Amino acid sequence: MSHRQTQTLDPITLPLTGRQLIEASAGTGKTFNITRLYLRAILEYKLTVEQILVMTFSKAATEEIRGRVAQTLREALSYWQHRLKGAEASTGDDPVYAQLYANFPTEQARARIKSNLLLIDDAAIFTIHGFCQQMLSTYAYDTGNALNTSLNNNTRDTLLACTADWLRTQSAQTDNLRLLEQNKWHTPLRFLAKFEKAIRSPLHIKTLDLTQLADDKAIAFYDEGNALLPRREQLKGYIEEHYQTLHEGLTHHKDAKTQAQREDEWQYLIAWLNEAALSRPEKTISNLLNGNRYRGNESLKVAVKPIKAFSDEVKKVIADIEKSASKREELVAAFELATQGIKWIASRFKQVKDEQGWVEFDDLVAHLADTVEKNSSLADTLKHRFPLALVDEFQDTDRAQYALLAAIYPKANVQVTSEHTALLMIGDPKQAIYGFRGGDIFTYLAAAQEADACWVMDTNWRSTPQMVQAYNGLFCSVPFDFDMTYHEVNYANEAKANKTPMQDPDVSDALQLIWCDTEEENPSKEALRLQQSVWLATEIGRLLDDVRLGENPLQTRDIAVLVRTGADAKLVKDTLDTAGIASVYMSNQQSIYLTRQAQDCLRLLIGINTFQDPARLKAALVSPLLGLNSETLNRLFIEDDDQTWHRVISLVESLKAVWLRDGILAMLQRLIDKHLQLPKVQTERVLSNYQHLAELLQAQSSLMHLFEPQALIDWFSEQMESPPMNDESAVERLESDRDAIQIITQHKSKGLEYPVVFVPFANDYRDATRSGNSKSIVCQYYDPDISQLVLQVGDSHQALNKIKREAEAEAARLLYVAVTRAAHRCYLLCSDFSGAEQSTLGKAFAVDSKAWPEALRRFQCEHNYVALRHFKPLPAITRRKRASDQVQAPMCPPSAFNYQADNWRLLSYSALSHGQWTWRRARADEQSRVIAEDIEGDDEVIQARFRFPKGAAPGNVLHDIFEQHDFVSDVFSEQAKAAILSLCQVPSVEDVLIWLNQILDAPFTLNDQTLRLREIPRQKTLREAEFYFPLQNLDVSDLISWLQRFSLRQPEPAQVQTQLSGMMHGFIDLIFEHEGRYYVADYKSTFLGTRLEDYLSAALRQDMQQHQYDLQAAIYALALHRYLMRSLPNYDASTHFGGVVYFYLRGMHPDNQAGEGVIHLPVDCVLLQQLDAIFDAEVMS
């Protein structure tokens, strides 16, 4: 910090009153001093562990501090006991213990330490969110917090639903819908992809406006003018040099009036070139440079060419600026609409959370802060309950958190004299690196200005003196910005690292600057990064072989590689794997849903659930989870071997049965245990991911009761398309904790220390204003006008510049964190990356774009304990032979695949009709069928029914609409309209709705009575009825022979399995009652042709024969028969059972005269009885 007078911290004399800011540079013993201040508060102010509030920002940190406090109290207790007995203290020369004992040398002090040690489990040590949650619960009445409030951070689905609600409100507004579609924000997932951060953020939201655009346009003119300034000055010199030729050639004319006019044009040109700002060359200049003036004069033509080229370039630059400005003006309306959506969705989201009694972590802080600021009595209650608060990692505090603390703990000059309350804010602004998750360096800077005093901890007790001096030299040159300057820290000869000196026969300096030289003229960034990774792996190998730490060889756990991103980590890890060096990525925050194993698992689940579909089944069969070896796959895909196919389908059927009987976890665990084929590399990673996915799928299945496979598959697919934010359960797990090189992000490394640290890609510049190849459209930056962070929807020049400045300052702080993790040595690897001069190191070394080697050499010469090493591209890595190579994770052998099918399985009509004996032939038949696509007739509604999309998804839409719709009504819901609109290539929604009403009005005949669906009230229907009933040794051939009584044709029984056991399962689209009879109905959206005549009875019977719907009808009829036997008093099948009806929706029409689109199958009572006997079991549901 600058502009504040600071004092060196002494934990004995620091005033425990008011607001005290303690700046603790890296390695200076922050936790040591926190525990000593804690002990002092117990002894001097007689506070208990329940009255001393300690807050930090992670659960791990709270447990560490709790452990260190307990250790301090135990040491102090031992110290007091020994000193009171007159013996030498066993805790050595701790100057704080000695001073405190000198101040409190009593038995009462010892007893106080002991009693507080016994209460350590009740110590008020919290994360900031944990503290808020506890206080909101304890003081529920004062805070207005509902007693039934629950913490829920898995609210993504709710947020998606709120987003869908808002988008639905926009669907009727044509202009708004057009704006959303143009910007690809028209679906909930796409809208959240751009604006979820803004929706969830408590920050003030601004929107790009026309005033900002006008400013941007002026800035663009100014910047481009400056860029062209050297060219313009050069051109002016050229004109002066060729003045006579140019002036005379362009202005001379025999007509005096014309010559005067041309002279004016010449003067206009000269004036234009001398203007301060860039402007468009007017027509006057164009006239002057017109080619007609020097036609035939080649020397003049050549002389004018540079002027004309410059004029044309200026015109193009200005045209580009204006074109860009025009496009951005069109975006203003879209940004305003997005802002409206953000606010509407955020409000609705809050409403839903309030209704459900949900709060998220950040809600806790905001709610308590708001309450305490408004309720002074609650602030006093908390202040008296916790007279002393120590806030660790204070540089990560945000505006709401500081507002809460400031409301509880006033400054010293406004405290009542008798009060002894204090807020100790402990942190290091140079380590404020969590802006991406809410950390606010500007809040810290404001708090520093409001503090009663500022104290510093300026001696490093972690690193060697050489390391400290080396990084002092580095960071004195680093631009930390925002009123922060680096003050050198002192080194200590008693530092922890000095107890285990590093012995390296080849290298001695603490800070190693590594310059990656290249023989290529213009190497790619990827090539440079790979070269660095190769050199890094080679050097790590040398260290492990040659270097000692104290008395022991340097171990892999002593080395850390600190990276910026997951992509950096992957490159380094892959290179280390190639080199045979064990490593582990400690900061993996990738969603498990983005992994290759998730893709494999999804394909497998789809294939198992819909194994009748050849393409989906084949996609599933190549999954490593099934473990089929290449020989088996060859027999399936190349030889088309029936016996192998039979075994495969038996396996898949058995797996689905396990899924439905025992759950998804049981099925996947069976695959992992018995079939999974693991790769030779990353074995642990792959196994961990599959296990993790299985647990997540089982948890979701239980939580949402997603026992129907397709529902779970749909959920899984949604997670993969849009992985949930802030869901720790979905983050890839650490695959191994064995001894290995630690690869960790620089953000995650804060608070850690390692003997040796590598920082690859140290001078790689990252432009924070860009997301991939596009600029950010949601901009977060600090607005000094209102002294707070804001979110702006839509990018402006000013906003992007602020973002860039803040990001570059944070990058400097991130480098500080990375380098100061090193106790003995730090390697900074640099290359000639594009834009590297804008990086933190580029600015620290004052590097010009191509002067890196010289700048690095200059820095090395000016500072001690710094080495500069150049390296050329290395040959391919030689894999190291280490003892650890002999220990590998177990490898599951590839399945030889001689699987024997289980007897028990879950069956359906589809499984029976499209089993292994028919599915390939049936699919081929369907593919070979040709239907004329020419739509006959001009009636748009007639065309709509035939142009309505074909396939499973459109068919499901129709099924869902009829499942929800009241047949009596001719008005369809907004959800129905939205579902139709969601389909690709759908005809006019209005025409489709007319067609749906025509379906409801289509007449059909049942038992000599004419009926329309419109005439069936909802209370006489049962929609999408699900059924199960058990099978016990079902004789398939017996079933088929009985089906001949009403079958349209007999299936081919020769290859059918003769015995089946398990569970029959299905869904019936519609059950309805009419005139005392009960009917099963099924909707078919099958496309049979482009005329109503194509849906006559003969065509329907042919289609039913092809798809064996007689079998479906028998199963559904039996399900209804059994249901009625149990639920209808005095049930008599001959009286009450009406039969099975198939509605071919494309053929149903109000003018139906010949039975188009509907076929009724009466079911013989004898057949029902025989079917019941064949299946021979009680109905289950």
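Take the sequence shown: its position 508, counting from 1, is numbered 508 in full-length UniProt numbering, and each next residue is one higher. Note that the Cβ used here is the ideal one computed from N, Cα and C, for glycine as well. Just so we're clear, the structure is a prediction, and the values are computed from it rather than from any experiment.
Check	Outcome
Inter-residue Cα distance where the pair is residue 245 and residue 324	39 Å
Proximal residues to residue 751 (C-beta, below 8 Å), its chain only, five neighbours per side dropped	61
Alpha helix (DSSP H) segment containing residue 958, residue limits	952 to 964
Span of the beta strand (DSSP E), counted from its first residue to its last, around residue 127	125 to 127
Close Cβ partners of residue 1069 (< 7 Å) along its chain, the five nearest in sequence each way excluded	959, 1024, 1081, 1082 and 1083
Unbroken beta strand (DSSP E) run spanning residue 1082, endpoints	1077 to 1084
Span of the beta strand (DSSP E), counted from its first residue to its last, around residue 19	18 to 24
DSSP bridge partner residues for residue 48 (one or two, in chain order)	Its beta-bridge partners do not exist; DSSP assigns none.
Outcome for residue 692 when other beta-carbon atoms lying within 10 angstroms are tallied against a minimum of 16	buried
Residue 428 beta carbon less than 8 Å from that of residue 469	no
Backbone CA spacing between residue 1148 and residue 700 [nearest angstrom]	41 Å
Cβ contact check for the segment 161 to 181 and the segment 104 to 111: 3 or more pairs under 8 Å	no
8 Å CB neighbourhood of residue 282 in its chain, flanking five on each side removed	268 and 272
Straight-line Cα distance separating residue 335 from residue 28	48 Å
Span separating the alpha-carbon of residue 408 from that of residue 383	6 Å
Proximal residues to residue 51 (C-beta, below 8 Å), its chain only, five neighbours per side dropped	124, 385, 386, 387 and 388
Residue range of the beta strand (DSSP E) that includes residue 1138	1137 to 1144
Buried or exposed by the 16-neighbour rule on C-beta atoms within 10 Å, applied to residue 637	exposed
Cβ-Cβ separation, residue 787 to residue 560 (assumed contact under 8 Å), whole Å	Incorrect: roughly 38 Å between the Cβ atoms, too far for contact.
Option in 1114, 1131 and 1126 with minimal Cα separation from residue 1161	1114
Span separating the alpha-carbon of residue 551 from that of residue 499	10 Å
With 16 other Cβ atoms within 10 Å as the buried cut-off, status of residue 111	exposed
Residue 562, enclosing beta strand (DSSP E) - first and last residue	559 to 563
Residue 425 - containing beta strand (DSSP E), residue span	422 to 427
Identity of the residues DSSP links to residue 206 by a beta bridge	792
Residue 896 versus residue 645: straight-line alpha-carbon distance, rounded	Note that residue 896 scores a pLDDT of 41, beneath 50, so its modelled location is shaky; the value from the coordinates is reported in the next line. In a straight line, the C-alpha of residue 896 is about 14 Å away from that of residue 645.
Local conformation of residue 1174 per DSSP, three classes	helix
Coil, strand or helix - residue 526 by DSSP	helix
Residue span of the beta strand (DSSP E) that contains residue 755, given as start and end	754 to 759
Pair within 8 Å by beta-carbon distance, residue 671 and residue 602	no
Three-state class that DSSP yields for residue 352 in the structure shown	helix
For residue 753 and residue 462, believed in contact at Cβ under 8 Å, the rounded distance	6 Å
Own chain residues within Cβ distance below 6 Å of residue 1163, not counting five before or after	1117 and 1139
Residue 971 burial status per 10 Å Cβ neighbour count (16 or more: buried)	exposed
Closest residue to residue 393 among 424, 745 and 521 (Cα-Cα distance)	424
Touch test, the segment 831 to 838 against the segment 473 to 487, Cβ-Cβ under 8 Å, three pairs minimum	no
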